[in-house]
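Reading through the structure tokens given below for one structure.
Residue numbers (my numbering): 875 to 978.
This is the structure:
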């Protein structure tokens, strides 16, 4: 680990700290943005009439599984309907977990 620290110090000395670059700041701002484009996909292949999306934000901390039609998805404000609200589920009753986690 010490060797890695030495190589990092050499690189920063030669090239500068990447955290100080405008590119780094711009990328960090994009990654931290609350404005997200929902990634949606069909369940059940091409014949599926709805698109599905798992969404997390400040209101849906653990997330929601939601759906909308393709026509709706193509609009500026898709009409999503919630399929499962992970935050609204009762806590697990076993000793294995405190909360539910989405894995879809």
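Quick reminder that beta carbons are idealized off the backbone N, C-alpha and C, glycines included. What you are looking at is a predicted structure, and each value in this text was computed from that prediction instead of being measured.
Residue state for residue 955 is assigned as strand, using DSSP reduced to three classes. Residue 937 counts as buried, since at least 16 other C-beta atoms from the protein chains shown sit within 10 angstroms of its C-beta. In chain order, 974 place their CB closer than 6 Å to the CB of residue 963, counting only its own chain and leaving out the 5 sequence neighbours on each side. The residues 936, 937, 974 and 976, in chain order, have a CB closer than 6 Å to that of residue 960 in the same chain once the five nearest residues on each side in sequence are set aside. Counting every other CB atom within 10 Å of its CB across the protein chains shown gives residue 940 a total of 16 or more, marking it as buried. Here residue 968 has no same chain residue with a Cβ atom under 8 Å from its own Cβ, once five neighbours each way along the sequence are excluded. In the structure shown, residue 877 falls within a helical segment according to DSSP collapsed to helix, strand and coil.
Within 10 angstroms of the beta-carbon of residue 925 lie 16 or more other beta-carbons, which makes it buried.
In this structure, DSSP gives residue 941 an extended state, which the three-state scheme calls strand.
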